[in-house]
Amino acid sequence: MTGLAELSLLDASEHMRQGGLSAVALVEFFLERIDALDPDIRAWAHVAADSALAAARGLDEVRRAGTWLGPLHGIPIGIKDIFDTAGIPTEAGSALRKGFIPTSDAAVVATLKRAGAIILGKTACTELGHAFPGPTRNPWNFDHTPGGSSSGSAAALAAAMCLGTVGSQTMGSIIRPAAYCGVVGVKPTAGRLSRVGMVPLAPTLDTPGTMARSVRDAAILLEALTADGRDAKVSRGAPTRPAATVGVAPGYFRCLDSGTQRRFDEAVRVLRDQGHALKELPLPKTFHLVGAAAQVIAHAEAAALQLDTFRERPADYSETYRRAIQRGLVIPAASYVQALRLRAAAMRDISHAYRQAEVEVLVTPAALGPAPHGLASTGDPAFNTPFTALGLPTVTVPMGFVEGLPVGLQIVGLPFGERVVFEVASRYEAAAGWARCQPDLVATVNRARRHGEPGASGGSGMEV
Amino acid sequence: MSASPLAPESGHHVVAAIAASLNLPAIASEISADDLREVLGWLSAIHAHEGQPAGDQEVDPVLPTEPSV
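Protein sequence lines, in the order shown, are assigned to chains L and B.
Each residue of the first sequence is one higher than the one before, counting from -9 in this note's numbering.
Each residue of the second sequence is one higher than the one before, counting from 8 in this note's numbering.
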């Protein structure tokens, strides 16, 4: 069997179904790995070792008794710490929620549990899913941000500390960290997944999603989460039809460093070589404004949500969040409504543009470049925000490296078009091969320890 | 409605009045001119769209840079 750290979610599932691997063994492996690595990476806000092992024992018994719940049976998953988990702290990176232990699960957590997944713990995130960074470092280089707000969800996967994670995106909070950490991120169509039990930032933009180390694994997670919803079936990535027509928007996604631009140009060539027809997709004028509309919507909604709590406990907010509330408070109600109207117009216009250009997906770089240096910021979501505001499904898949750091290819479909997005992502992933790369954590940890960085001495018995 | 309904020099008075009504005078008085200008930039962009025929607006691209969410 391949080393457990290199095992995919689906491969682990197959081994388990055939009896060659137990859920207990898998959970124990990841707990040991977290113990060794997380003092340096800090991807986890809470590790639920006892409940994960108890769940694993129960799921192994169920399997031995002849019941198989599906591909997530016995699979350890990390949950972003803004989703409620019964009996496990849910602090959302905020002093406001310190010590809070929910009594019920968020809808996505409950669905995963029903599918047999094991909640290994809660992954660290920025303050309330906004901009103030958490403690997480990028597994590819500890001096760089992992991105945010789903920082720990991406970093835990890059360091192979679990087999899949759940995150959420309000502007670029899944796609950007996934790209920065070299994993696959999925921001589904707005409304596909339930937000019940999720700490809100801006409810009309907040979107739960999945991350994994391959397109297939991320699709399996999404399929499990949508199993009881409408338009439930999403492709697991295996192409079932001719290669989709791919749109590019030259001249718009231009705030790039030259290295990322080269990687993107190479990715487009790979897509062409895989049989995808390439067409130019002229973006409608409303698309260029929807980012501003998203800012108005996000700030107004965040301020409205936090107003009462802020009045009571102002010291429990970071200066970054405090400024966001200030901005939200000065937005006139009429402007908020105009922003919603603009977003609706842009949704209509982008669908029309896809049809006019006869393209099925749009491809762009997932971010302006690789993960920025430093941990004070989680990077810029400029290439993600418009698609989140438009509610379009997006996937990022690794497209190589720039100065030793991963960069991602963003693939954008039309509403509820996850199937074609996964198919394009899967074809690219198989042809390019970047998803098989993993960070050299021994070298990264040793380098950090030589420099005496905080946390770098906390790990024990590095076996990665 | 003008493209910039809150002029920067008068913005603090407006903000203070809004915040006072919400019992939040402290936060209002501390908003920076830079933050206010950024908000005004967003409002100007969406006001440029409002009132024009759909799909027929001549505007400059606006890419957000904050917050990083």
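Note that beta-carbon positions come from the ideal geometry of N, C-alpha and C, so glycine has one too.
Fair warning: this is a prediction, and the values are worked out from it, not measured in the lab.
Answer with yes or no whether the minimum CB distance from residue i to chain B is below 8 Å.
| i | result |
| --- | --- |
| residue 276(L) | yes |
| residue 285(L) | yes |
| residue 321(L) | yes |
| residue 251(L) | no |
| residue 297(L) | yes |
| residue 328(L) | yes |
| residue 316(L) | yes |
| residue 282(L) | yes |
Any C-beta of chain L sitting closer than 8 Å to the C-beta of residue i?
| i | result |
| --- | --- |
| residue 52(B) | yes |
Starting from the beta carbon of residue i, find every residue of chain B whose beta carbon is closer than 7 Å, and list them in chain order.
| i | result |
| --- | --- |
| residue 325(L) | 50, 53 |
| residue 313(L) | 42 |
Need the endpoints of the beta strand (DSSP E) that residue i sits in, please.
| i | result |
| --- | --- |
| residue 5(L) | Here residue 5(L) belongs to no beta strand (DSSP E); instead the alpha helix (DSSP H) covers -1 to 7. |
| residue 34(L) | 34 to 37 |
| residue 201(L) | 197 to 202 |
| residue 110(L) | 108 to 113 |
| residue 68(L) | 66 to 70 |
| residue 156(L) | 154 to 159 |
Starting from residue i, trace the alpha helix (DSSP H) both ways and give me its first and last residue.
| i | result |
| --- | --- |
| residue 269(L) | Not the alpha helix (DSSP H): residue 269(L) falls in the beta strand (DSSP E), residues 268 to 270. |
| residue 314(L) | 309 to 319 |
| residue 340(L) | 323 to 347 |
| residue 250(L) | 248 to 263 |
| residue 62(L) | Run containing residue 62(L): none; DSSP gives neither H nor E here. |
| residue 49(B) | 40 to 56 |
| residue 407(L) | Premise fails: residue 407(L) is in no alpha helix (DSSP H) and is neither H nor E. |
| residue 291(L) | 275 to 302 |
| residue 102(L) | 97 to 104 |
| residue 374(L) | No alpha helix (DSSP H) holds residue 374(L); DSSP gives it neither H nor E. |
| residue 93(L) | Run containing residue 93(L): none; DSSP gives neither H nor E here. |
| residue 434(L) | 431 to 440 |
| residue 146(L) | 141 to 148 |
List, in chain order, every chain L residue whose beta-carbon is nearer than 7 Å to that of residue i.
| i | result |
| --- | --- |
| residue 56(B) | 276, 279, 332 |
Residues in its own chain within less than 6 Å of residue i by CB, not counting five upstream and five downstream?
| i | result |
| --- | --- |
| residue -6(L) | 19 |
| residue 377(L) | 384, 402 |
| residue 5(L) | 11 |
| residue 257(L) | 389, 399 |
| residue 198(L) | 98, 158, 183 |
Per DSSP, residue i forms a beta bridge with which residues?
| i | result |
| --- | --- |
| residue 399(L) | 355(L), 387(L) |
| residue 238(L) | 270(L) |
| residue 175(L) | 201(L), 386(L) |
| residue 188(L) | 73(L) |
| residue 14(L) | Bridge partners of residue 14(L): none, in fact. |
| residue 392(L) | 395(L) |
| residue 131(L) | 128(L) |
| residue 363(L) | 134(L) |
| residue 78(L) | 75(L) |
Please list, in chain order, all residues of the same chain as residue i whose beta carbon is under 7 Å from its beta carbon, the five residues on each side excluded.
| i | result |
| --- | --- |
| residue 325(L) | 286 |
| residue 295(L) | 190 |
| residue 0(L) | 61, 206, 207, 210 |
| residue 219(L) | At residue 219(L), the pLDDT of 47 sits below 50, so the modelled position is not reliable; the number obtained from the coordinates is stated separately. Excluding positions up to five away in sequence, the list reads 182. |
| residue 163(L) | 119, 138, 139, 140, 157 |
| residue 303(L) | 86 |
Please list, in chain order, the chain B residues whose beta carbon lies closer than 9 Å to that of residue i.
| i | result |
| --- | --- |
| residue 148(L) | Within chain B, no residue comes near residue 148(L); the closest Cβ sits about 19 Å away, beyond 9 Å. |
| residue 82(L) | Going along chain B, no residue has its Cβ under 9 Å from residue 82(L), so there is no contact; the nearest lies around 13 Å. |
Just to make sure I have the definition right: I need the residues of chain B whose C-beta is within less than 8 Å of the C-beta of residue i. Which are they?
| i | result |
| --- | --- |
| residue 239(L) | Chain B residues near residue 239(L): none, gap ~11 Å exceeds 8 Å. |
Counting only the same chain and skipping the five closest in sequence on each side, list residues whose C-beta sits under 8 Å from that of residue i.
| i | result |
| --- | --- |
| residue 274(L) | 336, 339, 340, 342, 343 |
| residue 193(L) | 185, 291, 295 |
| residue 222(L) | Note that residue 222(L) has pLDDT 44, beneath the 50 cutoff, so the model's placement of it is unreliable and the number below is only indicative. Within the same chain, residue 222(L) has close Cβ partners 213, 216. |
| residue 14(L) | 43, 46, 47, 50 |
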